[in-house]
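Okay, structure first, notes after.
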DNA sequence: TTGAAAGCGCTAACAT
DNA sequence: ATGTTAGCGCTTTCAA
C-alpha cells in the first residue's frame, strides 16, 4: 500500500509498517508513556523511516486547537516604535516555539475597526489566543475580547480598567525615567530638565512621573524645568532652546530618543558638547541612540523578557482558563553612552 | 438543536436554520453562483444571524491547504536590518490578507541548521508556501526547498544559481548607488568616494558596482576613492579620515546609513559641515537617516512594493505550480536631505 | 439547482 | 498495553 510517496505519510501508513493500530501510533506520538518500550521503539522506527509528521489540520480539527497565537500588526508608523516591536516580536516567536506555538500575523481590513481582524480569526477558530499590544486608553480590544471569552494576554497594563481580569505584562516606564534621572543626579547634576509628550498620552505621563519622583526624592526643584511637546526631532530641538534660555539646565531627560536627538541638535547649534557640556538621556535605546555621535544614553526596555512573560501567561491561560492571572511589571535598564558626560563632582 | 451557543456554529446549524442541506450552505460560501438567488439570500441570512464562519481546521483538512505563508525570522542582528525587514513584513502581511493568506512566523530550533524550521512546517502541512528572505551566497534553503517541491518565493535573487526556476523578487542595489552617485554628479561633484563592505558580501559588491558604473559613465576617475570596511559607525569614520587625507573627495556615497553616519562623525570632528562642505549619501533610508542632523540623504528600497510582488508571485505559484515564473527586479529611489548639500555649479 | 454519501487524518472514549 | 469505534466540520463526487 506504499503510496507513490506523492502525499505525506499518515498514521495509517506508520501503523501498517509497524504492525500496530493507528491509535497506538497516535499514543506513541502524544503519550509515549502508555506504550511498552519495545512497541514504542518499533513504532518510532517506522515513524523515522517514513519521515512521519502528524498532519496539522487533522490534529487541529480533532483537538479544537490550532497551536497558533494571533498578533495584530499596528498600522505602520514612522518613528522608533517599529524597532521596539521588532525586538518584542522576535522574542515572542522564539518563546512561543518553545511552548509549542507559532505566531500568526494579521492586520485589520479596516483601519477604523481594529476589531474586524480579531473577529474573523476568532470565529473561524484560526488561533488559540491573542497577544494584544496597543492597550492605549479607550482601546476597546480588551473589553471586546473578554466579552467574547477569547483568551488573550496584553502587553501593556489595563489603563482603563484597574480591576481587569485578564493577564498582562508591562514595563515600568516611570522606573525607567527615574533611573535616568537618578543617573544624572549621581553624576552631580541638580538642574535636570524634562522634555516629554503632551498630556493626552498616558504613557507620556507615566514616563514623566519617574523624573518628577526622582527629582523630589533628591529634593531638587523642578520648577520651569519641564516641557510637553510632540514626539518629533524639531519639537525636541525647540523645547531645548527655550529651556536652555529660561531655566539653565545642565542635563536633559527625554521621553524618547527622537526628542533627545532634537536636544542634541540644539546643543550642536550652540557649540555645546553633548555630554561634556550638557548631559542628555533618551528613552527606548533605539538604533539612533546607538549610532549618533557620541552615543546617546538611553533607557532600554526589557522587551525580550516581556515576550517571555507574555508566553508564560499565555500557557497558564490556555492550561487553566479559570485562574485569574496577576499582572507582571518589568523594570527597564539604562544604557550609558557618551551623552551622559563625565562626573561633575 | 441549537447548542448552548457554547461552541461556534457549523455548516449543519446554518443548514438547519435555512432549511437546506449542508452542501448547499457550503456552496453558498464557496460557489454562490450555483445557488438560486432566493436560496442564496435565505442561506446568507442564516449565516449572518448565526455569525457563521467556516472552521479553518476542517476546511484545511479537506482542501489540503492552510492558507498560511511561512516566514522565517532571521536571528536578531543589531543594525539597520531589522527596520528594513519591518517594512517588508508589514507589507507582506497586508498583501497576503488581500490574497486570502495569513503570515506565520517561525524561527529555527537550531541556529546552525536553518532548514529544521522549514522541514517541520512542511511535513506537518502547516503552511502552503514559504517566503525566503536571506538568499546570501551558499544559502542552501532555495535548493533544499526546490528538492522537496516546497512552493516558495525568494526575496533576493538567486546569486548562486543563474538558472534557478523558482520565482524571486529583488531590488536593484546597483541602480540605487548609481542613483545616489548621479545625484552628486548632477550637483557638480566630480571627486566622489565610495565606502562599502568587504568583498565577501555579494550585496556589497552589487551596491559598489552602481557607484563604479555612474562614475565611469560620467568619465570620472575612481582611483583611490574606494574603501572596503566592516559595516559599523567606527569603520565609516576611520575610512572617511583616510579618504579625506589621501584622496580629497568632495562627496561620499556609502553602502549603508551606518557607514554614512561614521563619515558624518569625521566631518564634525574636522569642523566640516555635512552637506555644505562635504556631501554624504547613505543607503537604506533608516530611522537614523531621517533623524540625524541635518538629515542624511539615502537610497530607499521599495520594500512595500517588493512584498506586493512576492505575494503576486506566490499566488501564481499556488495557482499554477508548473509555470516557471520570471524574476522581478525593482528600482530604489533616493531620499534627498540636508547632507546632499547645495548645487556646486 | 439541490441533496446524499464518503472521507480528509487525527484523537477521545471506550473495550479488550 | 493495545485495538475498535466514532466523529471533529468541511468539501469532492455523484446522483436526483
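Residue numbers (this note's numbering), protein chains in the order written: chain F, 1 to 345; chain C, 1001 to 1345.
Backbone N, C-alpha and C define an ideal beta-carbon position, used for all residues, glycine too.
It should be emphasised that the depicted structure is a prediction, and the values quoted were computed from it without experimental measurement.
Leaving aside the five residues that flank residue 1259/C on each side, the residues in its chain whose CB is nearer than 6 Å to its CB run, in chain order, 1195 and 1236. With a 10 Å radius around the Cβ and a threshold of 16 neighbouring Cβ atoms, residue 1102/C comes out buried. Residue pairing by DSSP places residue 1102/C opposite 1068/C in a beta bridge. Interface annotation, residue 1264/C: in contact with chain F, CB-CB separation under 9 Å. Assignment of residue 195/F by DSSP, reduced to helix, strand and coil, places it in the strand class. Here DSSP, grouped into helix, strand and coil, assigns residue 74/F to coil. Within its own chain, the residues whose Cβ lies closer than 6 Å to the Cβ of residue 341/F, once the five positions on either side in sequence are excluded, are 275, 276 and 279, listed in chain order. Per DSSP, residue 1282/C lies in no alpha helix (DSSP H) segment; the continuous beta strand (DSSP E) that holds it begins and ends at 1279-1283. Assignment of residue 171/F by DSSP, reduced to helix, strand and coil, places it in the strand class.
With the criterion set as a beta carbon lying under 8 Å from some beta carbon of chain C, the members of the segment 278-310 of chain F are 286, 287, 288, 290, 291, 292 and 293, in sequence order. Only exposed fits residue 234/F, as fewer than 16 other CB atoms lie within 10 angstroms of its CB. For residue 298/F, the enclosing beta strand (DSSP E) stretches over residues 297-300.
Using a Cβ-Cβ cut-off of 8 Å, residue 73/F is close to 1089, 1090 and 1093 of chain C, given in chain order. The Cβ atoms of residue 1045/C and residue 1015/C lie no closer than 9 Å to each other. Under the Cβ criterion of 9 Å, residue 258/F is counted among the residues facing chain C.
Contact check between the segment 129-140 of chain F and the segment 58-75 of chain F: three or more CB pairs, one atom from each, fall below 8 Å, which counts as touching. Under a criterion of Cβ atoms nearer than 8 Å, the residues of chain F adjacent to residue 1076/C are, in order, 87 and 90.
Under the DSSP assignment, residue 333/F falls in the beta strand (DSSP E) whose first and last residues are 333-335. For the segment 44-69 of chain F, residues whose beta-carbon sits nearer than 7 Å to a beta-carbon of chain C comprise 51, 53, 54, 55, 56, 57, 58, 60, 61 and 66. When the five nearest sequence neighbours on each side are left out, the beta carbons in the same chain lying within less than 6 Å of the beta carbon of residue 1099/C are those of 1311 and 1315, in order along the chain. For residue 209/F, the enclosing alpha helix (DSSP H) begins and ends at 202-217. Residue 295/F and residue 52/F have their C-alpha atoms roughly 53 Å apart. Under the Cβ distance rule, residue 128/F does not count among the residues neighbouring chain C, no pair being separated by less than 9 Å.
Here residue 188/F has 343, 344 and 345 as same chain residues with Cβ atoms under 8 Å from its own Cβ, once five neighbours each way along the sequence are excluded.
For residue 330/F, the enclosing beta strand (DSSP E) covers residues 328-330. Measuring C-alpha to C-alpha distances from residue 1108/C to each of 97/F, 105/F, 116/F and 113/F identifies 97/F as the nearest. Take the alpha-carbon of residue 143/F and the one of residue 1286/C: they are about 37 Å apart. Linking residue 1244/C to residue 127/F through their CA atoms gives a straight-line distance of about 57 Å. Straight through space, the alpha carbons of residue 283/F and residue 67/F are spaced by roughly 35 Å. Counting along the chain, residue 251/F sits inside the beta strand (DSSP E) bounded by residues 251-254. Only residues of its own chain outside the window of five on either side were considered, and among them 1080, 1231, 1282, 1283 and 1284 have a CB closer than 7 Å to the CB of residue 1256/C, listed in chain order. In this structure, the beta-carbon distance from residue 211/F to residue 222/F falls below 9 Å.
In this structure, residue 250/F keeps its C-beta atom at 9 Å or more from the C-beta atom of residue 214/F. The beta carbon of residue 239/F does not come within 9 Å of any beta carbon belonging to chain C, so the residue lies off that interface.
Within a 10 Å sphere around the beta-carbon of residue 1090/C sit 16 or more other beta-carbons, which makes this residue buried. Between residue 1288/C and residue 1095/C, the gap from beta carbon to beta carbon reaches 9 Å or more.
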